[in-house]
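Visitor:
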Amino acid sequence: MIYVGHILAALVSLAAADFSWSVGVQRPYAVALLAVAPILLAMGVRRLMLRGRFRAAAIGERLLSILPILLQWMAVTLFGWFETLEAYLGVRLSLESWPDLRLLYGLAPFLVYQVLAIDAIARTNSSPGRGFERARNFHLRFFFSALVPFLVYLTASTAVGQSEVVRINVEEVTLYSAALGLCLMGFLLWFLPGLIRRTWDTVPVEQGWLREMLEAVARQARFHFKELLLWRTGRQMSNAAIVGLTPKNRVVLFSDSLLTQLRPDELAAVFAHEIGHARRGHIVSVASWSLFCLLGAHVIVSWLGEGDGFVLLTTYVTALTVWYFSFGYMSRRLELEADLESRAIFGESGALIRALSKVCGSHGREDRSWRHFSPTHRMRFLQQVDRDPELGRKFQRRLRRWALVGRALCVVILLLEGIQLAQSWTIERLTAELRLGDYAEAMRLVEATRDQLDPQVVGLVEFGSRLPAGIGKDALEADGLRELEGGAIENAARYIELAILRGRRDLVPVYLALGAGENGRDLGELPEPWRKALRAHE
19 MIYVGHILAA LVSLAAADFS WSVGVQRPYA VALLAVAPIL LAMGVRRLML
69 RGRFRAAAIG ERLLSILPIL LQWMAVTLFG WFETLEAYLG VRLSLESWPD
119 LRLLYGLAPF LVYQVLAIDA IARTNSSPGR GFERARNFHL RFFFSALVPF
169 LVYLTASTAV GQSEVVRINV EEVTLYSAAL GLCLMGFLLW FLPGLIRRTW
219 DTVPVEQGWL REMLEAVARQ ARFHFKELLL WRTGRQMSNA AIVGLTPKNR
269 VVLFSDSLLT QLRPDELAAV FAHEIGHARR GHIVSVASWS LFCLLGAHVI
319 VSWLGEGDGF VLLTTYVTAL TVWYFSFGYM SRRLELEADL ESRAIFGESG
369 ALIRALSKVC GSHGREDRSW RHFSPTHRMR FLQQVDRDPE LGRKFQRRLR
419 RWALVGRALC VVILLLEGIQ LAQSWTIERL TAELRLGDYA EAMRLVEATR
469 DQLDPQVVGL VEFGSRLPAG IGKDALEADG LRELEGGAIE NAARYIELAI
519 LRGRRDLVPV YLALGAGENG RDLGELPEPW RKALRAHE
């Protein structure tokens, strides 16, 4: 769904806080004024269409579709939206912070711009009255259905974050964060069919010839599903889809426009095409390649360690780019394989070719996208297979090899990830216990794996284990200051390091000053007691 990409692109704007991409000027009024941009651009597109400048109007429409993302980035980088939130609400947003519902403050401009853009596009492309309302409501539902999984994730993350123990363990221990992510992913995948059924305007297909025909196709293909739904798009979209991983929660959708366009045999061929995706396990194939790309980036970043932030960002951007092109490459060919499955179910491809021709219309035959070949390409491919069936068999064998390679690479990357999880388990647990102030538990971990740990880490844990149980982070600072005043600068640094791990990030300059030589210390930004004690120590 296109709006998923929009939401993700808007989320990346959070990186502005981490990489200092904002000019730092607070102009909340300018953020509000940007809301006029979709309306003005839509008016311009409308004028171009009325003047017959359709190519320019098409460019304007494409710009209008991505305008909310551009405006969000302008609000963040040029007009200081995040700085405004911090100044007035005390909300500081960052990709490094724990994700919770406060992220919605940061995305608020994008959400407003997106709704206004949807309204503007509907007004541009639809006739006044019911036509406009149907188009707007259809796209608002589409946008909301893409937003709901993100809201579910933020709600769950906010709930988990209420427990400091759970939150810190998830933040520090990769195995725990992976387990939480898998649980959330499984929850969303299981409830996705129900979510779509409720957020899209769907009703069960009534008893009659249409339902009987579609059920007969499913029986012929030995395909099982839970619900057969009519998707009421207001004639905005001609499409069919199967959503769900198992027969117990799988739903089949046919849009109203598709049902009015196609004859029964053509509808059956389209249904068989969708069944082909399920029978051939296309979701597993795509997921394997996706996991390889994205987990591969995580493995590489783990090898790089705490490196330059720009290098890490570049690694992830490269991985996303590779994923984007490989996903598109595979998706286009999986569509052809689903076409071949439809042909295999019925023994001929004429009905599917006619369906493709009707759905695309005379002006859309050459249209192609990231995930689909053009209708002309697909129809020509089916005709070639009709003349030479061996061509189709060779194509399917090649795709099966690609699928096996993807699954093998996925297994390899999962094994590498597992090895890294095992290697990092102890040090991540140690860090979590130090952040929680449970120095006794940290010491037990050290005693079990002392030979595998850095001596400096062992020394810090041993130092913490000698402190009173339940010592607070402010008490750590006070004790560190007393140690410095007594001349024990090394002990003072350890107290401050423990306090920083407990959340006192404001003490980082103090720690750096304690670690620097006398000639390299910058005392200007330190609190007065620390500045005074360091000067006395010198």
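Okay, so the sequence shown: first residue is 19 according to this note's numbering, each after it adds one. Ideal Cβ positions, reconstructed from N, Cα and C, are used throughout, including at glycine. Given the structure is predicted, the values throughout are model-derived calculations rather than measurements.
Out of His316, Lys412, Ala337, Gly314, which has the shortest C-alpha to C-alpha gap to Arg351?
Guide: Position 333 of the sequence shown, counted from the start, is the residue given in the question as residue 351. For the residues His316, Lys412, Ala337, Gly314, the minimum Cα distance to Arg351 belongs to Lys412.
Visitor: Assign Ile87 to one of two classes, buried (16 or more other C-beta atoms within 10 Å of its C-beta) or exposed (fewer than that).
Guide: On the sequence shown, residue 87 is found 69 positions in, with the first residue counted as 1. With 16 or more other Cβ atoms within 10 Å, it is buried.
Visitor: In three-state DSSP terms, what is Pro222?
Guide: Along the sequence shown, read from residue 1 onward, the residue named residue 222 stands at position 204. Collapsing the DSSP output to three states places Pro222 in a strand.
Visitor: State the CB to CB distance for the pair Arg383 and Thr394, rounded to an integer number of angstroms; the pair is presumed to be in contact (CB under 8 Å).
Guide: As a first step, residue 383 must be located in the sequence shown, where it is residue number 365. As a first step, residue 394 must be located in the sequence shown, where it is residue number 376. Correct: roughly 5 Å between the Cβ atoms.
Visitor: Which runs of the alpha helix (DSSP H) at least 4 residues long sit entirely within the segment 354–381? Give them in chain order.
Guide: 368–378
Visitor: State the start and end residues of the unbroken alpha helix (DSSP H) segment that holds Ser303.
Guide: By one-based count along the sequence shown, residue 303 stands at place 285. From DSSP, the alpha helix (DSSP H) with Ser303 extends over 300–322.
Visitor: Using only the alpha-carbon positions, how far apart do Ile20 and Leu26 sit?
Guide: As a first step, residue 20 is located in the sequence shown; it is residue number 2 there, counting from the start. As a first step, residue 26 is located in the sequence shown; it is residue number 8 there, counting from the start. About 10 Å.
Visitor: Counting pairs of beta carbons, one from the segment 335–350 and one from the segment 263–273, are three or more of them closer than 8 Å?
Guide: Output reads no: the segment 263–273 does not touch the segment 335–350.
Visitor: Taking the alpha-carbon of Pro211 as reference, which of Phe97, Pro473, Val261, Leu172 has the nearest alpha-carbon?
Guide: As a working mapping, residue 211 is identified with position 193 in the sequence shown. Comparing Cα-Cα distances from Pro211 to each of Phe97, Pro473, Val261, Leu172, the minimum goes to Val261.
Visitor: Am I right that Gln470 and Ser320 are in contact with their C-beta atoms under 8 Å? What's the rounded C-beta distance?
Guide: Start at 1 with the first residue of the sequence shown, and residue 470 comes out as number 452. Start at 1 with the first residue of the sequence shown, and residue 320 comes out as number 302. No, Gln470 and Ser320 are not in contact; Cβ-Cβ is about 17 Å, not under 8 Å.
Visitor: In whole angstroms, give me the CA-to-CA distance for Leu516 and Leu246.
Guide: Working through the sequence shown from its first residue, we reach residue 516 at position 498. Working through the sequence shown from its first residue, we reach residue 246 at position 228. Whole-angstrom Cα-Cα distance: 59 Å.
Visitor: Could you have a look at Ile260 and say whether DSSP puts it in helix, strand or coil?
Guide: Taking the sequence shown and counting its residues from 1, the one referred to as residue 260 is at position 242. Ile260 falls in the strand class under three-state DSSP.
Visitor: Counting C-beta neighbours from all protein chains within 10 Å, is the total for Gly23 16 or more, i.e. buried, or is it exposed?
Guide: Stepping through the sequence shown from its first residue, residue 23 is reached at position 5. Exposed, by the Cβ-count rule.
Visitor: Between which two residues does the alpha helix (DSSP H) containing Leu111 stretch?
Guide: Position 93 of the sequence shown, counting from 1, holds the residue named residue 111. Segment: none, Leu111 is in no alpha helix (DSSP H) and carries neither H nor E.
Visitor: Considering only the beta carbon of each residue, do Leu452 and Ala458 sit closer than 8 Å?
Guide: Residue numbering aside, residue 452 sits at position 434 when the sequence shown is read from its first letter. Residue numbering aside, residue 458 sits at position 440 when the sequence shown is read from its first letter. Not a contact, by the Cβ cut-off of 8 Å.
Visitor: Cα-Cα, which of Ile136, Phe72, Val191 is closest to Arg447?
Guide: Locating residue 447 in the sequence shown gives position 429, where the first residue counts as 1. Comparing Cα-Cα distances from Arg447 to each of Ile136, Phe72, Val191, the minimum goes to Val191.
Visitor: DSSP on Ser273, reduced to helix/strand/coil?
Guide: Start at 1 with the first residue of the sequence shown, and residue 273 comes out as number 255. Residue state, collapsed to three classes: strand.
Visitor: Can you tell me which of Thr95, Val476, Ile139 puts its alpha carbon nearest to the alpha carbon of Glu79?
Guide: Position 61 of the sequence shown, counted from the start, is the residue given in the question as residue 79. Among Thr95, Val476, Ile139, the Cα nearest to that of Glu79 is on Ile139.
Visitor: Measuring CB to CB, does Val223 end up less than 8 Å from Arg229?
Guide: Position 205 of the sequence shown, counted from the first residue, corresponds to residue 223. Position 211 of the sequence shown, counted from the first residue, corresponds to residue 229. Cβ atoms of Val223 and Arg229: closer than 8 Å.
Visitor: Restricting to Cα atoms, I'd like to know which of Arg468, Arg396, Ile318 is closest to Cys378.
Guide: One-based indexing of the sequence shown puts residue 378 at position 360. In terms of CA proximity to Cys378, Arg396 leads the group Arg468, Arg396, Ile318.
Visitor: According to DSSP, Glu245 sits in a beta bridge with which residue or residues?
Guide: On the sequence shown, position 227 is the one that residue 245 refers to. Beta-bridge pairing links Glu245 to Val269.
Visitor: Just to confirm the assignment, what range does the alpha helix (DSSP H) spanning Ile489 have?
Guide: Your numbering for residue 489 matches position 471 in the sequence shown. Neither: Ile489 is in no alpha helix (DSSP H) and is coded neither H nor E.
Visitor: Please confirm whether Val63 and Ala75 have their CB atoms less than 8 Å apart.
Guide: The residue you call residue 63 lines up with position 45 of the sequence shown. The residue you call residue 75 lines up with position 57 of the sequence shown. Yes, they are a contact pair.
Visitor: Check whether the Cβ atoms of Glu59 and Leu81 lie closer than 8 Å to each other.
Guide: In the sequence shown, the residue the question calls residue 59 occupies position 41. In the sequence shown, the residue the question calls residue 81 occupies position 63. The residue you asked about is not Glu; residue 59 is Leu in the sequence shown. A Cβ-Cβ contact shorter than 8 Å links Leu59 with Leu81.
Visitor: Going by alpha carbons, who is nearest to Ala164 out of Ala510, Leu330, Ala197, Trp218?
Guide: In the sequence shown, counting from the first residue as 1, residue 164 sits at position 146. The residue with the shortest Cα to Cα distance from Ala164 is Trp218.
Visitor: What do you reckon, are the CB atoms on Leu400 and Arg361 nearer than 8 Å?
Guide: Along the sequence shown, read from residue 1 onward, the residue named residue 400 stands at position 382. Along the sequence shown, read from residue 1 onward, the residue named residue 361 stands at position 343. Yes, they are a contact pair.
Visitor: Determine, using beta-carbon pairs with one atom in the segment 285–297 and one in the segment 230–245, whether at least three such pairs fall under 8 Å.
Guide: yes
Visitor: With H, G and I counted as helix, E and B as strand and the rest as coil, what does DSSP make of Arg45?
Guide: Here the question's residue 45 lines up with position 27 in the sequence shown. Judged by DSSP in its simplified three-state form, Arg45 adopts coil rather than helix or strand.
Visitor: Nearest to Thr18 by CA position, among Glu355, Val479, Leu277, is which residue?
Guide: Outside the shown range of the chain, which is 19 to 556, sits residue 18, and nothing can be said about it.
Visitor: Measuring CB to CB, does Val423 end up less than 8 Å from Ser349?
Guide: Here residue 423 is taken as the residue at index 405 of the sequence shown, counted from 1. Here residue 349 is taken as the residue at index 331 of the sequence shown, counted from 1. No.
Visitor: Rank Arg281, Leu330, Phe156, Ser306 by C-alpha distance to the C-alpha of Met255 and give the top, closest one.
Guide: Position 237 of the sequence shown, counted from the start, is the residue given in the question as residue 255. Among Arg281, Leu330, Phe156, Ser306, the Cα nearest to that of Met255 belongs to Phe156.
Visitor: Tyr47: which of Arg281, Phe328, Glu408, Trp99 sits nearest, CA to CA?
Guide: Looking up residue 47 in the sequence shown gives position 29. That would be Trp99, whose Cα lies nearest to the Cα of Tyr47.
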